[in-house]
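In the UniProt record's numbering, the protein residues as written are 1 to 103.
Here a beta-carbon is modelled for each residue, glycine too, at the ideal position from N, C-alpha and C.
Model, not experiment: these values are computed from the prediction.
Below you'll find the structure, written out as structure tokens, and then a few comments.
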């Protein structure tokens, strides 16, 4: 495995929350967002499995619409969790850079 592959962040649930923090999206739009911004290609089963878990944990919810494609929105709980996780990631990055003497 090369460094680029090892360096790809693959916590799908977190990436879905990041995608929905920008705007409500349906499944295909989430897949396209993750592909274009994180170079991660998901199968439908992987995506909808993660969406189901996020929904069960009240981190996202479907938006009522007449459209066939169901958009999802991030909940307040989801925003709080995302903010918390991003703060932790920033601490990890800061500590890692410091220990590598990059800062």
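Taking every protein chain shown into account, the CB of residue 94 has fewer than 16 other CB atoms within 10 angstroms, so this residue is exposed. Note on geometry: alpha-carbon atoms of residue 27 and residue 58 lie some 17 Å from one another. Residues of the same chain with a CB within less than 6 Å of the CB of residue 35, apart from the 5 flanking positions on each side, are 41 in chain order. Taken in chain order, the complete alpha helix (DSSP H) segments of 4 or more residues contained in the region 73-100 are 76-99. Residue 11 counts as exposed, since fewer than 16 other C-beta atoms from the protein chains shown sit within 10 angstroms of its C-beta.
In the three-state reduction of the DSSP assignment, residue 40 falls in the coil class, being assigned neither a helical nor a strand state.
Rounded to the nearest whole angstrom, the C-alpha separation of residue 92 and residue 55 is 27 Å.
Annotation for residue 60: no alpha helix (DSSP H) segment contains it, though the beta strand (DSSP E) segment containing it runs 60-62. An exposed status is given to residue 44, since fewer than 16 other beta-carbon atoms sit within 10 Å of its beta-carbon.
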